[in-house]
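Engineer: Going down the list, the sequences are from chains F and B. Read in order, the letters of the first sequence correspond to residues 1 to 185 in the working numbering. Read in order, the letters of the second sequence correspond to residues 1001 to 1283 in the working numbering. Don't be surprised by glycine CBs; every beta carbon is placed ideally from N, CA and C. Since this is a predicted model, take the numbers as computed values, not measurements.
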Amino acid sequence: MSQTYHLTTPLSDETVAQLKSGDIVYLSGTIYTARDAAHKRLVDLLDAGKELPFDIKGAVIYFVGPTPPKPGDPIGSAGPTTSYRMDSYSPRLIAEGLKGMIGKGKRNKDVTDACQEYKAVYFGATGGAGALLGKQIKSAEVIAYEELGPEAIRKLEVVDFPVTVINDAYGQDLYQIGRAQYEVK
Amino acid sequence: MREIAYEEIVKAVRDIIVYSACNLPADALKAMQDAYENEKSPVSREVLKQLLDNAQIASSESRPLCQDTGLAVFFVKVGADVRVIGGLLKDAINEGTEKGYKEGYLRASTCHPFSRANLKDTVGYNLPAIIHFDIVEGDKIDIEYAAKGGGSENVSRARVFAPAAGKEGVIQFVKECISDAGPNPCPPLTVGVGIGGTFERAAISSKHALFRTIGSVNEDPEMAELEETIKTELNKLGIGTMGMGGTQTVLAVHIEANPCHIASLPVSVNVQCHSSRHTHITL
Chain F
1 MSQTYHLTTP LSDETVAQLK SGDIVYLSGT IYTARDAAHK RLVDLLDAGK
51 ELPFDIKGAV IYFVGPTPPK PGDPIGSAGP TTSYRMDSYS PRLIAEGLKG
101 MIGKGKRNKD VTDACQEYKA VYFGATGGAG ALLGKQIKSA EVIAYEELGP
151 EAIRKLEVVD FPVTVINDAY GQDLYQIGRA QYEVK
Chain B
1001 MREIAYEEIV KAVRDIIVYS ACNLPADALK AMQDAYENEK SPVSREVLKQ
1051 LLDNAQIASS ESRPLCQDTG LAVFFVKVGA DVRVIGGLLK DAINEGTEKG
1101 YKEGYLRAST CHPFSRANLK DTVGYNLPAI IHFDIVEGDK IDIEYAAKGG
1151 GSENVSRARV FAPAAGKEGV IQFVKECISD AGPNPCPPLT VGVGIGGTFE
1201 RAAISSKHAL FRTIGSVNED PEMAELEETI KTELNKLGIG TMGMGGTQTV
1251 LAVHIEANPC HIASLPVSVN VQCHSSRHTH ITL
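1) Might you give, ordered along the chain, the residues of its own chain that have their beta carbon closer than 7 Å to the beta carbon of B:K1049, omitting 5 neighbours on each side?
2) Mind checking F:T4: buried by the 16 CB within 10 Å criterion, or exposed?
3) Roughly how far, in whole angstroms, is the beta-carbon of F:T164 from the beta-carbon of F:G124, given that I think they are within contact range, below 8 Å?
4) Taking the Cβ atom as the reference point for each residue, do B:A1158 and B:V1267 lie within a distance shorter than 9 Å?
5) By Cβ distance, which residues of its chain are closer than 6 Å to B:G1124, with the 5 residues on each side in sequence left out?
6) Where are the alpha helix (DSSP H) runs, 4 residues long or more, that stay fully inside the region 1136-1164 of chain B, in chain order?
7) Can you check whether the CB of F:S28 is closer than 9 Å to the CB of F:V121?
8) Is B:E1095 closer than 9 Å to B:V1193 when the C-beta atoms are compared?
9) Relative to the C-alpha of B:E1153, which residue among B:I1262, B:E1039, B:K1207 is closest?
10) Taking only runs that begin and end inside the region 115-169 of chain F, name each unbroken alpha helix (DSSP H) of 4 or more residues, in chain order.
11) List the whole-angstrom C-beta distance separating B:G1196 from B:A1257, where the pair is believed to meet the contact cut-off of C-beta under 8 Å.
12) Taking the alpha helix (DSSP H) that B:S1179 belongs to, which residues open and close that run?
13) Return the chain-ordered list of same chain residues with a C-beta closer than 6 Å to the C-beta of F:I75, the five sequence neighbours on each side being excluded.
14) If you measure between the beta carbons of B:A1031 and B:S1275, is that distance less than 9 Å?
15) Residues of chain F with CB under 9 Å from B:H1274, in chain order?
16) Can you give me the C-alpha to C-alpha distance between F:D36 and B:K1090, rounded to a whole angstrom?
17) At 3 residues or longer, and completely inside the region 1099-1138 of chain B: list those beta strand (DSSP E) runs for me, N to C.
18) Is there at least one Cβ from chain C nearer than 9 Å to F:I61's Cβ?
19) Is the region 143-159 of chain F touching the region 31-48 of chain F, taking contact as three or more C-beta pairs under 8 Å?
20) Using Cβ-Cβ distances below 7 Å, what residues of the region 43-60 of chain F are close to chain B?
21) Run through the DSSP bridge pairs and tell me what B:R990 is partnered with.
22) Got a sec: is the Cβ-Cβ distance from F:I153 to anything in chain B below 9 Å?
23) Report the neighbours of F:Q181 on chain B: residues whose CB is nearer than 8 Å to its CB, in chain order.
24) What are the boundary residues of the beta strand (DSSP E) that F:G100 is part of?
25) Nearest chain B C-beta to F:K20 closer than 9 Å, yes or no?
26) Answer with yes or no whether the minimum CB distance from B:Y1036 to chain F is below 9 Å.
27) Within 9 Å (strictly less), CB to CB, does B:I1017 reach chain F?
28) Identify whether B:S1206 lies in helix, strand or coil by the three-state DSSP scheme.
See the structure below:
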């Protein structure tokens, strides 16, 4: 049965190893935002043998392009974007030590294989719940690529950010498991 | 000839954009509440509850429902007996769009197709708006607006079938589209289906079908029946809310049908996520 965990980043191999598809996780600590354009730049840096703008070991990346904050707020609405657009970049980052990704929607086999090989997980957050999820983000700071606007890399501090394990480090996929239960052939 | 001031249109467009970003319209809210009541999967019910809570927070705190505040899409019917004073109607709609997205703290999501450079400081903040004009009788300007997100747009499809494909071909095409999309377009969905016309007419009809009130019945009984048939088929897919598995994958199927060429059967499927932010004003 599905378990509930309260976890703090960075994530260790041991922590990742206990997570199973369908588990509910409340994440706290630092996470980093990146969408397509930022991912491309991160992989370009690795290809050039340069340092990344944040420590990737044990890190969690959130696929999000938030709305601008209203005066006095750390961030605007901030729900997940569709993750497949990051599929061509994620395995490289997982090999470098990335432990968690937060998004919505399916990942390809390269990503789920990398999750198994290097012990990483893919979390789903609720798409379209941007107002609710934005409230769990307590601070936000652009740390790279400000010119990308909503696609810049931000360092976020989150408290009890609600996510569900979609792909675990054992090759399970919650989307397949869930759908098979309710599909009428 | 009735006259409307340019500035009046700018303000009206600005206001509906700011309001729509934070307030789910009554029809979409009702459809989501019904989905919550009818959903069999406890996991999908939990996510639906989160989405209803999100709608409540967004409305009471004036926060955007979703960070993808969309491209601004308009269907505008201009009466033949009305004219805009002080500028072009198209410019007024674009100016209202820019004001609304800026002043509402909404996201600027337009970019160059290849460089991906954001257009907010060049073309304009979330500009250009996508505007479809029509000219009608009367002295009013009728504006239908929707904020169209990228996730659901990305799974949309169009194809021109041979006439022999018939209704069965249409049903299978829509089913394949939604099945392949799975969790990606943020279900539960509204599915717009444009049938007939030419290639582009089918696509535009499938978009316009999404502006219809969710839960309304198609005026054409044949299409109303086809909508129900397709909806039943889609809900058998088991995708559920956000793809977690469940019985409520689709809130509604809306069809717009047009006469077409004797050689063709164009079909377009335009998908709308659960955050169906659409509204309608008459000036």
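Structural biologist: This is what the structure holds:
1) In the second sequence, the residue the question calls residue 1049 of chain B occupies position 49. Excluding positions up to five away in sequence, the list reads Y1036.
2) In the first sequence, the residue the question calls residue 4 of chain F occupies position 4. Label assigned to F:T4: exposed.
3) Position 164 of the first sequence holds residue 164 of chain F. Position 124 of the first sequence holds residue 124 of chain F. So it is a contact: roughly 5 Å between Cβ atoms.
4) Along the second sequence, read from residue 1 onward, the residue named residue 1158 of chain B stands at position 158. Along the second sequence, read from residue 1 onward, the residue named residue 1267 of chain B stands at position 267. Yes, they are a contact pair.
5) In the second sequence, counting from the first residue as 1, residue 1124 of chain B sits at position 124. Same-chain partners within the cutoff: E1098.
6) 1150-1153
7) Translated into the one-based positions of the first sequence, residue 121 of chain F becomes position 121. Translated into the one-based positions of the first sequence, residue 28 of chain F becomes position 28. The answer is no: Cβ separation not under 9 Å.
8) Taking the first residue of the second sequence as position 1, residue 1193 of chain B is located at position 193. Taking the first residue of the second sequence as position 1, residue 1095 of chain B is located at position 95. No, the pair does not count as a contact, with Cβ atoms beyond the cut-off.
9) For the purposes of this step, residue 1153 of chain B is identified with residue 153 of the second sequence, where counting begins at 1. Here the closest residue by C-alpha is B:K1207.
10) 130-134
11) Within the second sequence, residue 1196 of chain B is the residue found at index 196, counting from 1. Within the second sequence, residue 1257 of chain B is the residue found at index 257, counting from 1. With a Cβ gap of about 5 Å, B:G1196 and B:A1257 count as contacting.
12) Your numbering for residue 1179 of chain B matches position 179 in the second sequence. Looking at the DSSP string, the run of the alpha helix (DSSP H) that includes B:S1179 is 1166-1181.
13) Within the first sequence, the letter at position 75 stands for residue 75 of chain F. Answer for F:I75: P66, P69, G134, I137, A140, listed in chain order.
14) As a working mapping, residue 1031 of chain B is identified with position 31 in the second sequence. As a working mapping, residue 1275 of chain B is identified with position 275 in the second sequence. Result no, Cβ atoms of B:A1031 and B:S1275 do not sit closer than 9 Å.
15) On the second sequence, position 274 is the one that residue 1274 of chain B refers to. Near B:H1274 (Cβ distances below 9 Å), the residues of chain F are G127, G128.
16) Taking the first sequence and counting its residues from 1, one reaches residue 36 of chain F at position 36. Taking the second sequence and counting its residues from 1, one reaches residue 1090 of chain B at position 90. The alpha-carbon atoms of F:D36 and B:K1090 are separated by roughly 32 Å.
17) 1130-1136
18) Chain labels in this structure do not include chain C; the protein chains are F and B.
19) yes
20) none
21) It is not possible to answer for residue 990 of chain B, since the shown part of chain B is limited to 1001 through 1283.
22) Here residue 153 of chain F corresponds to residue number 153 of the first sequence, with the count starting at 1. Chain B contact via Cβ: absent.
23) For this step, residue 181 of chain F is matched to residue 181 along the first sequence. Correct list: S1041, G1238, G1245.
24) Here residue 100 of chain F corresponds to residue number 100 of the first sequence, with the count starting at 1. Here the beta strand (DSSP E) through F:G100 covers 100-103.
25) For this step, residue 20 of chain F is matched to residue 20 along the first sequence. Not closer than 9 Å to any Cβ of chain B, the Cβ of F:K20 fails to qualify, so no.
26) The residue labelled residue 1036 of chain B in the question sits at position 36 within the second sequence. By this cut-off, B:Y1036 is not an interface position.
27) Sequence index remark: in the second sequence, residue 1017 of chain B carries index 17 (1-based). By this cut-off, B:I1017 is not an interface position.
28) Taking the first residue of the second sequence as 1, we reach residue 1206 of chain B at position 206. If DSSP states are grouped into helix, strand and coil, B:S1206 belongs with the helices.
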